[in-house]
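Heads up, the sequence shown is in the UniProt record's numbering, so the first residue is 1 and it goes up one at a time.
Here a beta-carbon is modelled for each residue, glycine too, at the ideal position from N, C-alpha and C.
Structure record follows, encoded as structure tokens.
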Amino acid sequence: MALMTINDIMEFIESEYNIINSTPCEICGGSFIAEKKLLALIDDVPFDVCNCTCEYCGHKRSFSFTAPFIPSLDNEELKNRLN
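And the structure:
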């Protein structure tokens, strides 16, 4: 897979926020506000994780998206870079 350009990465992250913004809170139907964004390895696959809180009821939810903008590295090297 070719490396993504900065514009590609920004469009990818924007699409993540579009999904978050169009997902209603399962408790009250309110909107989520992104509070913290981080990279994580889940089963050795890099993910972009966004921790969110409902602006109305305070319910917390994490959204996880695969992170294709993280270049393929040896798993041990990737773990060291992300931790």
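Please determine, among the options, the residue with the shortest C-alpha to C-alpha distance to residue i.
i	options	result
Asn51	Ile6, Lys37, Ser22 and Asp44	Lys37
Ile13	Ala34, Cys25 and Asp43	Ala34
Val45	Gly58, Glu55 and Ala67	Ala67
Phe65	Asn7, Glu16 and Asp8	Glu16
When the distance is taken between beta carbons, is residue j closer than 7 Å to residue i?
i	j	result
Phe63	Ile20	yes
Phe47	Ala40	yes
Met4	Phe69	yes
Gly29	Glu55	no
For the alpha helix (DSSP H) containing residue i, list its first residue and its last residue.
i	result
Glu35	Segment Phe32 to Ile42 is the beta strand (DSSP E) holding Glu35; no alpha helix (DSSP H) there.
Phe12	Ile6 to Asn21
Beta strand (DSSP E) containing residue i: first to last residue?
i	result
Phe65	Lys60 to Thr66
residue 97	Residue 97 cannot be examined here, being either before or after the span of the chain that is shown, 1 to 83.
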